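Protein chains: 4
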Amino acid sequence: MNVGFIGLGQMGLPMARNLLKARHSVTVYNRTRSRAEELQPDGASIAERPADVCSAEVVISLLADDAAVEAVILGEQNLPARLPAGGIHICMSTVSMTMARKLVAAHAAAETGYVSAPVFGRPDASAAAKLFVVAAGPAKLIERCRPLFDAVGQRTFLFGEDPVAANVVKLSGNFMIASVIETLGEVYALLRKSGVEPARFLEFATKSLFSAPVYKTYGEIIAKEKFQPAGFKVPLGLKDARLVLAAADAVATPMPIADVIHDHLLTALARGRKDWDWSSLARIAAENAGL
Amino acid sequence: MNVGFIGLGQMGLPMARNLLKARHSVTVYNRTRSRAEELQPDGASIAERPADVCSAEVVISLLADDAAVEAVILGEQNLPARLPAGGIHICMSTVSMTMARKLVAAHAAAETGYVSAPVFGRPDASAAAKLFVVAAGPAKLIERCRPLFDAVGQRTFLFGEDPVAANVVKLSGNFMIASVIETLGEVYALLRKSGVEPARFLEFATKSLFSAPVYKTYGEIIAKEKFQPAGFKVPLGLKDARLVLAAADAVATPMPIADVIHDHLLTALARGRKDWDWSSLARIAAENAGL
Amino acid sequence: MNVGFIGLGQMGLPMARNLLKARHSVTVYNRTRSRAEELQPDGASIAERPADVCSAEVVISLLADDAAVEAVILGEQNLPARLPAGGIHICMSTVSMTMARKLVAAHAAAETGYVSAPVFGRPDASAAAKLFVVAAGPAKLIERCRPLFDAVGQRTFLFGEDPVAANVVKLSGNFMIASVIETLGEVYALLRKSGVEPARFLEFATKSLFSAPVYKTYGEIIAKEKFQPAGFKVPLGLKDARLVLAAADAVATPMPIADVIHDHLLTALARGRKDWDWSSLARIAAENAGL
Amino acid sequence: MNVGFIGLGQMGLPMARNLLKARHSVTVYNRTRSRAEELQPDGASIAERPADVCSAEVVISLLADDAAVEAVILGEQNLPARLPAGGIHICMSTVSMTMARKLVAAHAAAETGYVSAPVFGRPDASAAAKLFVVAAGPAKLIERCRPLFDAVGQRTFLFGEDPVAANVVKLSGNFMIASVIETLGEVYALLRKSGVEPARFLEFATKSLFSAPVYKTYGEIIAKEKFQPAGFKVPLGLKDARLVLAAADAVATPMPIADVIHDHLLTALARGRKDWDWSSLARIAAENAGL
Numbered sequence: 187m188n189v190g191f192i193g194l195g196q197m198g199l200p201m202a203r204n205l206l207k208a209r210h211s212v213t214v215y216n217r218t219r220s221r222a223e224e225l226q227p228d229g230a231s232i233a234e235r236p237a238d239v240c241s242a243e244v245v246i247s248l249l250a251d252d253a254a255v256e257a258v259i260l261g262e263q264n265l266p267a268r269l270p271a272g273g274i275h276i277c278m279s280t281v282s283m284t285m286a287r288k289l290v291a292a293h294a295a296a297e298t299g300y301v302s303a304p305v306f307g308r309p310d311a312s313a314a315a316k317l318f319v320v321a322a323g324p325a326k327l328i329e330r331c332r333p334l335f336d337a338v339g340q341r342t343f344l345f346g347e348d349p350v351a352a353n354v355v356k357l358s359g360n361f362m363i364a365s366v367i368e369t370l371g372e373v374y375a376l377l378r379k380s381g382v383e384p385a386r387f388l389e390f391a392t393k394s395l396f397s398a399p400v401y402k403t404y405g406e407i408i409a410k411e412k413f414q415p416a417g418f419k420v421p422l423g424l425k426d427a428r429l430v431l432a433a434a435d436a437v438a439t440p441m442p443i444a445d446v447i448h449d450h451l452l453t454a455l456a457r458g459r460k461d462w463d464w465s466s467l468a469r470i471a472a473e474n475a476g477l
Numbered sequence: 187m188n189v190g191f192i193g194l195g196q197m198g199l200p201m202a203r204n205l206l207k208a209r210h211s212v213t214v215y216n217r218t219r220s221r222a223e224e225l226q227p228d229g230a231s232i233a234e235r236p237a238d239v240c241s242a243e244v245v246i247s248l249l250a251d252d253a254a255v256e257a258v259i260l261g262e263q264n265l266p267a268r269l270p271a272g273g274i275h276i277c278m279s280t281v282s283m284t285m286a287r288k289l290v291a292a293h294a295a296a297e298t299g300y301v302s303a304p305v306f307g308r309p310d311a312s313a314a315a316k317l318f319v320v321a322a323g324p325a326k327l328i329e330r331c332r333p334l335f336d337a338v339g340q341r342t343f344l345f346g347e348d349p350v351a352a353n354v355v356k357l358s359g360n361f362m363i364a365s366v367i368e369t370l371g372e373v374y375a376l377l378r379k380s381g382v383e384p385a386r387f388l389e390f391a392t393k394s395l396f397s398a399p400v401y402k403t404y405g406e407i408i409a410k411e412k413f414q415p416a417g418f419k420v421p422l423g424l425k426d427a428r429l430v431l432a433a434a435d436a437v438a439t440p441m442p443i444a445d446v447i448h449d450h451l452l453t454a455l456a457r458g459r460k461d462w463d464w465s466s467l468a469r470i471a472a473e474n475a476g477l
Numbered sequence: 187m188n189v190g191f192i193g194l195g196q197m198g199l200p201m202a203r204n205l206l207k208a209r210h211s212v213t214v215y216n217r218t219r220s221r222a223e224e225l226q227p228d229g230a231s232i233a234e235r236p237a238d239v240c241s242a243e244v245v246i247s248l249l250a251d252d253a254a255v256e257a258v259i260l261g262e263q264n265l266p267a268r269l270p271a272g273g274i275h276i277c278m279s280t281v282s283m284t285m286a287r288k289l290v291a292a293h294a295a296a297e298t299g300y301v302s303a304p305v306f307g308r309p310d311a312s313a314a315a316k317l318f319v320v321a322a323g324p325a326k327l328i329e330r331c332r333p334l335f336d337a338v339g340q341r342t343f344l345f346g347e348d349p350v351a352a353n354v355v356k357l358s359g360n361f362m363i364a365s366v367i368e369t370l371g372e373v374y375a376l377l378r379k380s381g382v383e384p385a386r387f388l389e390f391a392t393k394s395l396f397s398a399p400v401y402k403t404y405g406e407i408i409a410k411e412k413f414q415p416a417g418f419k420v421p422l423g424l425k426d427a428r429l430v431l432a433a434a435d436a437v438a439t440p441m442p443i444a445d446v447i448h449d450h451l452l453t454a455l456a457r458g459r460k461d462w463d464w465s466s467l468a469r470i471a472a473e474n475a476g477l
Numbered sequence: 187m188n189v190g191f192i193g194l195g196q197m198g199l200p201m202a203r204n205l206l207k208a209r210h211s212v213t214v215y216n217r218t219r220s221r222a223e224e225l226q227p228d229g230a231s232i233a234e235r236p237a238d239v240c241s242a243e244v245v246i247s248l249l250a251d252d253a254a255v256e257a258v259i260l261g262e263q264n265l266p267a268r269l270p271a272g273g274i275h276i277c278m279s280t281v282s283m284t285m286a287r288k289l290v291a292a293h294a295a296a297e298t299g300y301v302s303a304p305v306f307g308r309p310d311a312s313a314a315a316k317l318f319v320v321a322a323g324p325a326k327l328i329e330r331c332r333p334l335f336d337a338v339g340q341r342t343f344l345f346g347e348d349p350v351a352a353n354v355v356k357l358s359g360n361f362m363i364a365s366v367i368e369t370l371g372e373v374y375a376l377l378r379k380s381g382v383e384p385a386r387f388l389e390f391a392t393k394s395l396f397s398a399p400v401y402k403t404y405g406e407i408i409a410k411e412k413f414q415p416a417g418f419k420v421p422l423g424l425k426d427a428r429l430v431l432a433a434a435d436a437v438a439t440p441m442p443i444a445d446v447i448h449d450h451l452l453t454a455l456a457r458g459r460k461d462w463d464w465s466s467l468a469r470i471a472a473e474n475a476g477l
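Residue numbers (the numbering used here), protein chains in the order written: chain A, 187 to 477; chain B, 187 to 477; chain C, 187 to 477; chain D, 187 to 477.
Take a look at the structure:
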């Protein structure tokens with residue numbers, strides 16, 4: 187397929203490379219051009235402006251936040267209106283519910299295709315094409331996008347015709363990961379102060395009731411306090427905490443654990459850890475215990 | 187082996203049965219005698235008093251709380267002192283850290299063997315001999331107890347020579363389960379109010395990052411709100427919440443998620459749900475969202 | 187003085203009346219014109235559009251939220267640019283820190299005077315000219331506004347030259363009131379379930395360490411559960427909770443009590459209490475205790 | 187009157203002195219005898235054992251916690267049984283609800299008089315005889331105790347015939363003070379990070395809606411971070427937080443603000459501040475904001 191790809195961050199760049207490996211024709215755009223150039227040896231064409239990728243039948247975007255989506259996809263660029271007839275925009279960014287609805291409306295107004303398909307996984311999973319894709323949108327469009335999802339992920343989960351469903355699932359999933367991180371932070375603090383090695387506890391946990399990747403991945407990072415280099419930085423984790431709280435606020439749903447996560451991420455930021463991995467939020471629990 | 191077994195609740199009774207199946211000779215004691223009689227067809231001998239099981243080389247106890255341990259094991263019964271030379275008491279109860287230390291001291295004073303070995307799993311796992319055993323105590327004693335652990339569980343995890351380590355691991359593990367329950371409660375509330383089916387979300391979660399038994403087991407119970415019959419009742423969950431908070435308090439470790447869990451269990455109790463499964467704490471999040 | 191007044195809500199209408207009583211010449215504007223007409227017998231002139239009040243030397247605005255300020259003061263109306271040379275706009279609305287800064291910038295660009303002066307007090311205090319005014323802005327402007335502050339309030343507190351200081355003080359003060367309400371809610375629940383009458387406790391509290399108006403006012407409302415008619419409705423309280431959390435988030439300051447307040451107000455809303463007084467957030471603590 | 191006084195801590199010693207000033211005859215007992223000797227110049231008699239004060243018609247006790255009450259009042263000493271016919275024990279200690287009930291039962295069994303009368307105020311208020319007394323017990327006994335309450339306090343509040351009512355009021359009042367401290371901690375952090383001086387804000391607050399002693403007293407300590415010397419130390423504040431949470435737990439009442447207070451006091455302790463004033467819990471909010 188002829189694919190446009192906007193946003194070559196830690197997650198996007200390996201995804202674009204995997205699309206190229208799967209023999210799709212890919213034109214890439216990134217604000218910092220040098221990131222795009224890294225993909226030239228893999229066969230990517232480089233676009234100078236977001237609008238230049240719009241001739242592709244499918245454009246994937248994976249941007250950092252609402253502001254980036256506003257600037258690069260909507261606003262002047264007006265990507266929804268520039269897509270060709272039959273074109274599809276797959277938005278893989280983690281955005282607010284407000285932006286999610288705005289994107290749906292913009293494509294509806296332009297009568298172009300729109301699919302929301304955020305992904306789960308850290309940069310290494312992206313490189314290994316092992317992401318989990320959560321997609322929602324009109325079934326016919328989803329089917330056309332399948333080969334692309336397959337090229338970047340290990341499995342795709344569908345959430346119906348309304349694209350915003352995928353966004354609330356993304357925010358929910360990220361919240362669940364954050365909850366695991368905070369929980370491990372609290373448990374490790376208790377264990378350390380009680381004379382039990384967190385690593386030993388983790389081995390038990392991941393081989394019994396908590397045998398899920400999320401415990402293994404974050405359990406090890408936190409036990410070793412190996413928060414740098416970051417796979418996903420504190421400000422991004424904080425952005426996600428804000429998004430889930432905003433989504434919950436809009437539907438009058440209190441989420442007290444999300445409050446705790448948000449507060450601990452704020453403290454991580456206030457302590458100058460903007461370049462640490464977001465899992466360092468677990469360290470606040472340790473510091474609150476005097477560790 | 188010649189085994190005494192004290193405490194035939196929902197967890198204990200199937201464990202005793204599994205010991206009998208594994209051809210151990212088992213004498214059982216239970217405050218309500220009828221529970222003990224259920225095991226007669228399986229070949230169990232029935233003791234009239236806790237002290238009557240003490241001639242066994244190993245005595246396993248699995249009681250509801252500190253008060254029951256105080257009444258049945260310590261106090262007048264003074265089981266630690268009644269054990270024969272070389273006898274071992276395996277305490278599988280979930281007790282406070284204070285009681286855990288008191289048990290260690292009582293056996294040390296009596297110069298009898300003591301192993302702490304709480305188990306993880308719900309009644310069905312107990313029936314299927316699929317429990318996870320968390321054991322700590324002198325290595326030589328642990329080795330002697332191995333065949334018994336193997337008869338009731340699928341795997342045993344060791345936490346060193348100090349028996350109380352197993353107790354803090356038990357409290358930590360239960361807290362982690364409760365955190366999963368509360369997290370699911372909050373996420374489901376958000377999803378339901380946003381138009382996404384919890385069951386659909388759960389399928390995604392358990393087939394991607396959250397592929398652990400704890401999510402599957404509790405995720406389904408909570409999605410279906412099938413809180414009765416209870417596998418583990420609200421007052422027992424509340425007891426565990428209190429125990430982990432007390433353990434954390436004693437080592438000056440704040441655990442804000444444990445606070446949330448404790449508060450929601452109190453509300454469940456205040457709403458008259460003492461016979462519901464403790465996972466119904468997830469329903470408080472739903473009710474707080476007006477569901 | 188020649189005064190324009192925009193926003194005749196429960197707080198604004200009696201303030202405008204007090205300005206008239208103090209023999210200022212007042213032109214009023216309100217979206218719902220009938221509210222403005224109530225002031226005709228008192229001598230007010232009625233403006234058809236916000237812009238029509240701008241000939242006055244001082245324009246006071248007291249609007250419900252950021253959106254109203256955006257629509258009525260900024261946007262097309264562009265009040266900052268329409269003020270006459272030497273004109274002053276006194277913004278008494280409770281707005282976000284973001285809007286507070288935007289207002290400063292808009293007046294700076296238009297080279298017109300701007301003072302931020304939110305008020306504390308409920309409708310009855312507004313009627314009695316007993317409000318507390320919290321003002322910040324250039325000292326010379328503040329001095330010119332003094333007679334107006336004196337006409338509506340019992341006392342004015344100054345917070346320096348930067349107008350936004352008054353806004354953060356307003357958000358802080360409202361948070362402190364909300365904290366008193368939540369605290370009373372929790373304490374009353376404990377007392378009621380322990381057999382002590384809240385009203386009796388309140389008498390002790392307000393005659394000893396807690397002898398401040400805020401305890402008396404809210405303590406009585408909550409003890410009697412007299413949440414209707416509302417002096418300040420749940421959605422407005424929720425707006426304030428959001429504003430203080432947003433202000434705190436922007437400066438990386440966790441405020442866990444604000445989290446609790448926000449969550450309880452969400453629950454009040456989710457339970458359909460949008461027309462109840464915001465102090466009904468105290469009832470959530472009671473309901474969480476099964477009362 | 188002939189008065190026995192047990193417990194000459196920071197609060198008790200000045201109270202005993204005030205009783206002497208009011209020309210009561212006072213026999214004092216303190217575990218550390220030197221404290222008792224300080225009162226000899228004021229005319230106090232010194233008892234060697236708690237039991238030695240029991241000949242008095244009224245015995246006041248003011249001890250640090252349940253353990254001290256158990257050791258000095260109950261247990262071997264068995265003060266309830268040693269009181270003379272018609273004797274009254276006034277317990278002014280802040281104890282748990284469990285201990286409060288135990289004391290009632292012990293005096294009922296011994297058929298001696300019992301009044302519960304905790305006090306509010308810091309050491310300086312004790313010295314100035316400006317305490318607030320919260321008393322409950324049989325009306326006839328209360329009347330006999332009146333002159334003593336008047337000698338140490340500025341006002342006495344009655345809570346009926348059941349002595350434990352005074353205890354729940356004491357725990358509730360202390361919680362309300364702690365809530366003010368935590369609230370000020372959060373607000374000051376927000377203000378400081380937003381460029382507003384806490385002291386300036388406090389002046390506004392205490393001269394408007396928050397014109398109560400508790401805001402003035404703690405607002406100044408916290409603004410100046412003058413946490414030493416302590417009027418009431420962190421471990422005592424923590425004890426009170428535990429007591430109110432235990433009282434609330436026993437009647438199934440969640441108190442989320444009490445959770446926050448408890449957690450912040452644990453952190454204060456974990457950071458080694460056992461000799462700081464309990465109002466230093468407000469500093470945790472500041473530290474969480476990176477201040």
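The C-beta atom is built at its ideal place from N, Cα and C for all residues, glycine as well. Since this is a predicted model, take the numbers as computed values, not measurements.
Proximity to residue i [Cα-Cα], best of the options
i	options	result
R428/A	K393/A, A295/A, A444/A and S365/A	A444/A
G371/B	K356/B, N360/B, L388/B and V355/B	L388/B
D228/A	E234/A, T213/A, R219/A and A267/A	T213/A
A352/D	A456/D, G198/D, P236/D and A303/D	A303/D
DSSP state of residue i mapped onto helix, strand, coil
i	result
C240/B	coil
G359/D	helix
L344/D	strand
D251/C	coil
V245/A	strand
F418/B	coil
G299/C	strand
Residue j beta carbon less than 9 Å from that of residue i
i	j	result
M441/A	V338/A	no
T403/A	R308/A	yes
L377/A	V354/B	yes
Residues of its chain near residue i, where Cβ-Cβ distance is below 6 Å and the 5 sequence neighbours each way are ignored
i	result
S358/C	none
A313/C	P200
Own chain residues within Cβ distance below 7 Å of residue i, not counting five before or after
i	result
A475/A	A375 and K379
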